[in-house]
Amino acid sequence: MCGFTGFWNRSPSKKEELEKIASLMAKEISFRGPDSTGLWSDARIGLIFAHLRLSIIDLNITGHQPMISASGRYIISYNGEIYNYRNLRKELEQKGCSFKGSSDTEVMLASIETWGLEAALSKFIGMFAFALWDTQTQCLFLARDRFGVKPLFYGIINNVLFFGSQPRSFMPHPSWHSTLNQNALSDYFVYSYVPGTQSIYQGLQKVSPGHIVSIDKNFTFKISCYWNLEERYQYGLQNPLNLSELDAMNQLDSLLEDAIKLRMVSDVPLGAFLSGGIDSSLVVSLMQKHSPQAVKTFSIGFSEAGFNEAPFAKKIANHLGTDHFEYILKEKDALDIIPKLPEFYDEPFADSSQIPTFLVSKIAREHVTVSLSGDGGDEFFSGYTRYSTGNHLKNLLRFFPSSLRPSLSACLRIAAKPHLEKLVQIFSSQTHLSHKLNKLSELIMMQSPFEIYHSLLIHFSPQEAEVITEHRSYFGETLKKIFLTAQNFTEAMQLTDISLYLPDDILTKVDRASMAHSLEAREPLLDHRIAEFSFALPLSYKLKQNQGKWILRQILKRYIPESYFERPKQGFGLPIDQWLRGALKDWANTLLSINALKDSGISNPLPIRKRWGEHLSQTRNWQYSLWGILMYQAWHQRYFKNISFQKP
């Protein structure tokens, strides 16, 4: 796990000047790789790679990057891990390849030299993003893993091609100058993250998961796909696994074991995040099964009882015999952490679970350098509550004539008022009940399955985002195209989530939070073999009697008593609504002032001011949409208003 950055200006340059600039660029993301910095350049064409290393495999100099291939043809700067590198190395040695060290980077280069880039990528089991220079063709290749675990940005600004792990690394370059991408901003307000290949910085893009971008000496771009999600999904439909439930469980259990064992290979201390949910509990169970000593596990709890899952995690840790560490997040912790978030989230990002993820990564890094997580289980095995909720609503709405829906929606909005929420909660233990009732009032007005799904995702409608930014979000049309390729409503939601929500929200959150503390996060459930297995399973093995992740639950019962993990899904829910009226109120007031909103490019701040007033008076719970605005404001102050990047 590392970080890298670089640029290509296509002009003869002095090596010293290239290295001076690249060193400043690398310094901006030094937290991604604190162990060493490496540079490689070709001054004749103004190309340079800068690599920040977090040493995990082969701690010696033989694992140093950027690395040159055995023939000298390729140079690579690479972030991630190839987990099956030992098997690939044996295969390559049988073909006559020899190796100087024991790193996966050297195996990666030998694989590319032996089989070619696309064929090598198809053999890799891992997470990765890399820049590869081909001295023979004078082409630069940028490639990203199948699900987008590792980030990779690129773009031409003022005739300079930038590429690297995070945009903030480009900012010390003398040619860097970027304006806000207004379309991306509008999309951000709708989804709470910047979706798809676009970036918030005009001129930059992301490499799509499973894709390669090649750039020749004329700066001609070619994009190719080496692993296509929709094709793999369709292949699974056309080639279903005709397995009994028991055989499916056994095969998946075996796959999970192999995926986890591969990800337990490390030359540094290793542990796992443990929330007490299905996915992380299954990962830790299998880790402990294959570990000769107690696995170190880490969890975050909350002082507010309705949000605290730490006792469940502790109970599971005790049962498995892990070496468990727990921290209870308080309002004061949130106040300390939140101002730091834009330092590491260099695009606006508003999934509030970034706060506990940031903190649990900090706690983990005090004990280990690598931590496994359970990300991916929800997307592949129908775990999100929106999958069952969406189906319920779709079926329910058939019984409500369009003429009755506005009245029912209005009744729900009244019940959702915060001062009535306490009364309603006498009959329900649900957290964020006010928000959920308001969301239901919107969902009742939806006319199609896609509209139901889309409404479950967003916190601003495209129309509302247009009012405050003067730009309309059309990204829903992109989502709709993916959605319509699936064979049923549930799988349509899953496929769309894997395409966008997984890389742009979940994996972005984990990458930035873990890398902020120089911690490598590994996701065994994102092994592409597990994904392809899930695509070929009957839906009834994933979602049964409105219970998601059915098959994972059955496997988990082999390791943990069912009573330890069967409870309503929570995720990393936070009492943001309360915090905004309490410890975070002054911070939020400053960022949501009329002047602050106008300074950040919000064309019409009045709807935002109205929501803030309603939230403070408890007329309406606007925590999610307000959090999106606040994270944008904090990000804008850091990267556009208070610029503090050292230039050469």
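Under the numbering used here, the sequence shown has 572 at position 572, and the numbering climbs by one with no breaks.
Just so it is clear, CB atoms sit at the ideal spot from N, CA and C, and this is done for glycine as well.
Can you look up residue i in the DSSP assignment and give me helix, strand or coil?
i    : result
P449 : helix
C411 : helix
N84  : coil
A521 : strand
H454 : helix
L423 : Residue placement at L423 is poorly supported in this model, since its pLDDT is 42, which falls under 50; the coordinates are not used for a value here.
Y78  : strand
L204 : strand
E366 : coil
S429 : Annotation note: pLDDT 45 at S429 (below 50); position unreliable, no value reported.
P34  : strand
K20  : helix
H211 : strand
S67  : Note on identity: in this sequence residue 67 is Met, with Ser being the wrong assignment. Note: M67 maps to strand in three-state DSSP.
F7   : strand
V160 : strand
K217 : coil
T179 : coil
L140 : strand
M264 : coil
K27  : helix
G271 : strand
D527 : coil
L329 : strand
R609 : helix
Exposed or buried, what is residue i when buried is set at 16 or more other beta-carbons lying within 10 Å of its beta-carbon?
i    : result
I355 : buried
S111 : buried
K296 : buried
A634 : buried
Y474 : exposed
T496 : buried
G96  : exposed
D71  : According to the sequence provided, residue 71 is Ser. The question's Asp does not apply to it. Burial call: exposed.
R89  : buried
N250 : exposed
L396 : exposed
R398 : exposed
C2   : buried
G582 : exposed
P269 : exposed
W592 : Going by the sequence as given, residue 592 is Leu instead of Trp. Looking at its Cβ environment, which holds 16 or more other Cβ atoms inside 10 Å, L592 is buried.
S122 : exposed
F219 : exposed
G321 : exposed
K422 : Low confidence applies to K422: its pLDDT is 48, below 50, so where it sits in the model is not reliable enough to give any reading.
Y501 : buried
I think residue i touches residue j, with their Cβ atoms under 8 angstroms apart; what is that distance to the nearest whole Å?
i    : j    : result
L626 : R611 : 6 angstroms
G6   : S77  : 7 angstroms
S169 : A26  : 7 angstroms
G155 : G203 : 5 angstroms
I56  : T369 : 7 angstroms
G63  : T114 : No, G63 and T114 are not in contact; Cβ-Cβ is about 20 angstroms, not under 8 angstroms.
H177 : I200 : The Cβ separation is near 15 angstroms, so there is no contact.
S361 : S514 : 5 angstroms
P195 : T508 : Incorrect: roughly 10 angstroms between the Cβ atoms, too far for contact.
Identify which residue in the options has its Cα closest to the Cα of residue i.
i    : options                   : result
D511 : L484, Q545 and S353       : S353
M287 : E523, N589, T619 and Y541 : E523
G277 : Q251, A294 and A313       : A313
R32  : W227, A50, Q198 and E491  : A50
D336 : L359, G321 and G601       : L359
N239 : G164, L152, L180 and L537 : L537
Y661 : N621, R581, L393 and Q138 : This structure cannot speak to residue 661, because the chain is shown only from 1 to 648.
I629 : R144, A513 and A588       : A588
D253 : W622, K585 and Y559       : Y559
K641 : L597, S224 and D323       : L597
G184 : M171, K206, Q166 and G164 : The sequence given here places Ala at residue 184; Gly does not occur at that position. Nearest of M171, K206, Q166 and G164 to A184, Cα basis: K206.
I316 : K332, L539, F298 and F381 : F298
G126 : F307, L556, T478 and V149 : V149
C225 : L117, V284, L243 and R529 : L117
A492 : D267, I260, W227 and I452 : I452
I530 : Q578, L519, E379 and P406 : E379
K222 : H367, L140 and P34        : L140
Is the segment 353-373 touching the segment 269-289, taking contact as three or more C-beta pairs under 8 angstroms?
Contact between the segment 353-373 and the segment 269-289 is present, because at least three Cβ pairs lie under 8 angstroms.
Taking contact to mean 3 or more Cβ pairs, one atom from each stretch, closer than 8 angstroms, check whether the segment 454-473 and the segment 597-606 are in contact.
yes
Within 8 angstroms, do at least three Cβ pairs link the segment 9-24 to the segment 36-45?
yes
Report yes or no: do the segment 323-341 and the segment 539-557 share at least 3 C-beta pairs separated by less than 8 angstroms?
no
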